[in-house]
Amino acid sequence: MEHVKCLIIGSGPAGYTAAIYAARADLSPVMYTGMEPGGQLTQTTEVENYPGYPDGVQGPAMMEDFKKQAERFGTDVRFGYASSVNFSKDGSEPHQVTFDESVTVSADTVIISTGASAKWLGLESEKRLNGHGVSACAVCDGFFFKNQEVVIVGAGDTACEEASYLAKLCTKVTMLVRREEFRASKAMQHRVENTKNIEILYNTETKEVLGEKAVEGVKVFNNQTGEEKVIPATGFFVAIGHKPNTDLFKGVLPMDEVGYLKVEEPSSRTGIPGVFASGDVMDSIYRQAVTAAGTGCRAALDAERYLAAKETAVEA
Ligand code: NDP
1 MEHVKCLIIG SGPAGYTAAI YAARADLSPV MYTGMEPGGQ LTQTTEVENY PGYPDGVQGP
61 AMMEDFKKQA ERFGTDVRFG YASSVNFSKD GSEPHQVTFD ESVTVSADTV IISTGASAKW
121 LGLESEKRLN GHGVSACAVC DGFFFKNQEV VIVGAGDTAC EEASYLAKLC TKVTMLVRRE
181 EFRASKAMQH RVENTKNIEI LYNTETKEVL GEKAVEGVKV FNNQTGEEKV IPATGFFVAI
241 GHKPNTDLFK GVLPMDEVGY LKVEEPSSRT GIPGVFASGD VMDSIYRQAV TAAGTGCRAA
301 LDAERYLAAK ETAVEA
């Protein structure tokens, strides 16, 4: 069985940043990309809020840059998804991760950067116009809708936060709430209720996002009366929650009720020595490329220090 010092699972900003740091620390990292090499950013178009790109950059191109930088220092990047794990509970034995249900790699340290996926409504029109007016991240894409009218779906804290953010940029924000009440905290709810250019439509769901090449409006229906109407909009934001990609670690690593991995903040340590977590898989709040990259750096530094402490203990 192949043995490595540092195994990285996942290839978003967190995974690649961990790889850059681990490679430069001579840990010869091996990265398995997962089914979506580059992660969520490969699904976006223009990224304008990542420092270092003064003119903005396309999400997929940015992830190519991350990859090149990680490879420049010797990261071995491989395509494959982790299908099962066998972690040594106290870190006394190497950890094992199986990829594609066929190849098992043993590792002194494992950095989990498997990310999270935005939940979608599941409409054909939503999928077709994704990146052309449909987005699951107001902070990432709101700017493109400056002085325009947008619609946002959701009634949790994220939807309220994103609606407030959009209201500062857009002329009008229509918020679609599927029940007759919010799920969000009262404070967040009051904030949107008290914002002049946010209109809240209760008991309202999306029938279709309208437009051929770009969003032109949203057809909605009242789930009590069946009444339909079209809301003119150039942006359609979906804020109905995220799902961390952690099914693999259920019953193995500590996680919260939604499935986000718990780490010993401010470190990236999970409950198992030698296993670290970084990026959206452990962050339900910020979910930005730059914050994910920051936690990837932490994970690599933690892995390096963990190995150094282990070596010192053996020498002593
Ligand atoms: P939540 O799961 O809290 O809310 C999801 C919302 O989306 C719910 O209102 C739900 O409606 C709605 N929804 C789900 N599916 C659909 C659908 N198919 N059509 C229409 N609406 C749908 O997710 P959040 O991302 O808002 O929050 C996740 C966690 O992060 C929460 O614990 C939250 O408190 C926390 N958070 C905290 C923040 C803060 O404190 N600043 C900021 C952001 C998040 P319904 O209510 O009917 O189920």
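Mapping the sequence shown onto the working numbering, position 209 (from 1) lands on 209, and the numbers just tick up by one. Cβ atoms here follow ideal geometry from the backbone N, Cα and C, with glycine treated the same way.
Requested in this report: Using alpha carbons as the reference points, say which of Phe236, Thr158, Lys207 and Ser284 lies closest to asparagine 223.
Outcome: Residue 223 sits at position 223 when you count from the first residue of the sequence shown. The closest CA to that of asparagine 223, considering only Phe236, Thr158, Lys207 and Ser284, is found on Lys207.
Query raised in the report: Considering only C-alpha positions, which residue in the set Ser284, Glu149, Asp247 and Ser28 is nearest to aspartate 157?
Result: Residue 157 sits at position 157 when you count from the first residue of the sequence shown. Comparing Cα-Cα distances from aspartate 157 to each of Ser284, Glu149, Asp247 and Ser28, the minimum goes to Ser284.
Query raised in the report: Taking C-alpha atoms, which residue in Ala61, Glu71 and Glu46 lies nearest to aspartate 26?
Result: Translated into positions along the sequence shown, residue 26 becomes position 26. Selected option, being the one with the closest Cα: Glu71.
Requested in this report: Report yes if the C-beta distance between glycine 133 and phenylalanine 236 is below 8 Å; otherwise report no.
Outcome: For the purposes of this step, residue 133 is taken as the residue at position 133 of the sequence shown. For the purposes of this step, residue 236 is taken as the residue at position 236 of the sequence shown. Taking 8 Å as the cut-off, the beta carbon of glycine 133 is found closer than this to the beta carbon of phenylalanine 236.
**Report entry** Anticipated Cβ contact below 8 Å, alanine 116 with proline 244, distance rounded
**Finding:** If you number the sequence shown from 1, residue 116 lands on position 116. If you number the sequence shown from 1, residue 244 lands on position 244. Here alanine 116 really is in contact with proline 244; their C-beta atoms are around 4 Å apart, less than 8 Å.
Query - Length of the line joining the Cα atoms of phenylalanine 145 and leucine 248 - result: As a first step, residue 145 is located in the sequence shown; it is residue number 145 there, counting from the start. As a first step, residue 248 is located in the sequence shown; it is residue number 248 there, counting from the start. Distance between the alpha carbons of phenylalanine 145 and leucine 248 is about 38 Å.
**Report entry** Interface flag, phenylalanine 249 vs chain B, CB-CB below 8 Å
**Finding:** Here chain B cannot be found, since the structure has a single protein chain.
Requested in this report: Have a look at alanine 187 and asparagine 194 and give me their C-alpha separation to the nearest angstrom.
Outcome: The residue given as residue 187 occupies position 187 in the sequence shown. The residue given as residue 194 occupies position 194 in the sequence shown. Whole-angstrom Cα-Cα distance: 11 Å.
Query raised in the report: Straight-line CA distance for glutamine 69 to isoleucine 20?
Result: Taking the sequence shown and counting its residues from 1, one reaches residue 69 at position 69. Taking the sequence shown and counting its residues from 1, one reaches residue 20 at position 20. C-alpha of glutamine 69 to C-alpha of isoleucine 20: approximately 7 Å in a straight line.
Requested in this report: Find out if the Cβ-Cβ distance for the pair valine 153, valine 238 is shorter than 8 Å.
Outcome: Walking along the sequence shown from the start, residue 153 turns up at place 153. Walking along the sequence shown from the start, residue 238 turns up at place 238. In this structure, valine 238 lies closer than 8 Å to valine 153 by Cβ.
Query raised in the report: In three-state terms, what does DSSP make of leucine 27?
Result: As a working note, residue 27 is residue 27 in the sequence shown. Assigned with DSSP and collapsed to three states, leucine 27 falls in coil, not helix or strand.
Query raised in the report: In whole angstroms, what separates the C-alpha of lysine 310 from that of valine 177?
Result: The count along the sequence shown starts at 1 and reaches residue 310 at position 310. The count along the sequence shown starts at 1 and reaches residue 177 at position 177. Near 53 Å, if we compare the C-alpha coordinates of valine 177 and lysine 310.
Query raised in the report: So which of Leu301, Ala316, Glu315 and Val314 has the shortest CA-CA distance to arginine 24?
Result: Position 24 of the sequence shown, counted from the start, is the residue given in the question as residue 24. Its Cα nearest to that of arginine 24, the residue Leu301 stands out among Leu301, Ala316, Glu315 and Val314.
Query raised in the report: Would you report the Cα separation of threonine 17 and serine 83, rounded to the nearest angstrom?
Result: Working through the sequence shown from its first residue, we reach residue 17 at position 17. Working through the sequence shown from its first residue, we reach residue 83 at position 83. Looking at the two C-alpha atoms, the distance is approximately 23 Å.
Query raised in the report: Taking just the CA atoms, how far does leucine 121 sit from valine 218?
Result: The residue you call residue 218 lines up with position 218 of the sequence shown. The residue you call residue 121 lines up with position 121 of the sequence shown. Taking the straight line joining both Cα atoms gives about 13 Å.
Query raised in the report: Span of the alpha helix (DSSP H) holding glutamate 212?
Result: Residue 212 sits at position 212 when you count from the first residue of the sequence shown. Taken as a continuous stretch (DSSP letters only), glutamate 212 belongs to no alpha helix (DSSP H), as it is neither H nor E.
Requested in this report: Just the C-alpha distance for serine 278 and cysteine 140, rounded to the nearest angstrom, thanks.
Outcome: Against the sequence shown, residue 278 aligns to sequence position 278. Against the sequence shown, residue 140 aligns to sequence position 140. Serine 278 and cysteine 140 have their C-alpha atoms spaced approximately 20 Å apart.
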